[in-house]
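Numbering (our numbering), first residue to last: 41 to 170.
Here's the structure, in structure tokens; my notes come after.
Structure follows, in structure tokens:
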């Protein structure tokens with residue numbers, strides 16, 4: 041099985057996802073302290089009312105990933121019903137946020153969580169298959 045084409049595609053595809061996720065985490069860690077204040081000002085209404093906006097790196101990274109996830113999934117049924125239903129201020133915040141901020145939140149921060157999840161699943165399959 042180790043010499044077959046599907047195995048090679050599986051290994052190199054997983055390695056590519058790992059590299060992309062690693063790059064996203066590095067870029068996100070560098071950008072988080074610089075853009076968290078702008079993101080909180082533009083998108084802070086998306087967080088729960090009891091959220092405390094600390095500026096530390098791991099917390100900022102996670103909050104930016106939450107903003108990205110909410111923006112990415114805002115048109116799905118669950119987010120429509122539970123996050124945006126009856127909250128025109130949240131819809132307005134997403135609509136009025138700077139385009140570059142939405143792109144960074146979705147592409148870098150939400151994407152890094154997706155890449156990390158895929159990496160964990162990939163590593164599990166690799167462990168089971170080898």
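Each residue gets a CB set at the ideal place from its N, CA and C atoms; glycine is no exception.
Would you tell me roughly how many angstroms separate the C-alpha atoms of residue i and residue j, rounded to the nearest one?
i           : j           : result
residue 122 : residue 163 : 33 Å
residue 70  : residue 128 : 32 Å
residue 113 : residue 80  : 19 Å
residue 102 : residue 44  : 39 Å
residue 160 : residue 75  : 28 Å
residue 138 : residue 117 : 25 Å
residue 83  : residue 119 : 16 Å
residue 168 : residue 46  : 15 Å
residue 225 : residue 51  : As shown, the chain starts at 41 and ends at 170. That puts residue 225 outside it, with no answer to give.
Ignore the nearest five residues each way along the sequence and tell me which others in residue i's own chain have a CB closer than 6 Å to its CB.
i           : result
residue 109 : 150
residue 142 : 111
residue 146 : 108, 111 and 112
Going along the chain, which residues of its own chain have a beta-carbon closer than 7 Å to the beta-carbon of residue i, five neighbours each way excluded?
i           : result
residue 131 : 124
residue 61  : 152, 155, 156 and 159
Short of 8 Å in beta carbon distance, which residues of its chain neighbour residue i, apart from the five on each side in sequence? Order them along the chain.
i           : result
residue 100 : 72, 73, 76 and 94
residue 57  : 155, 158, 159 and 162
Touch test, the stretch 83-94 against the stretch 149-166, Cβ-Cβ under 8 Å, three pairs minimum: no
Length at least 4, wholly inside the stretch 79-129: the alpha helix (DSSP H) runs in chain order: 97-112 and 117-122
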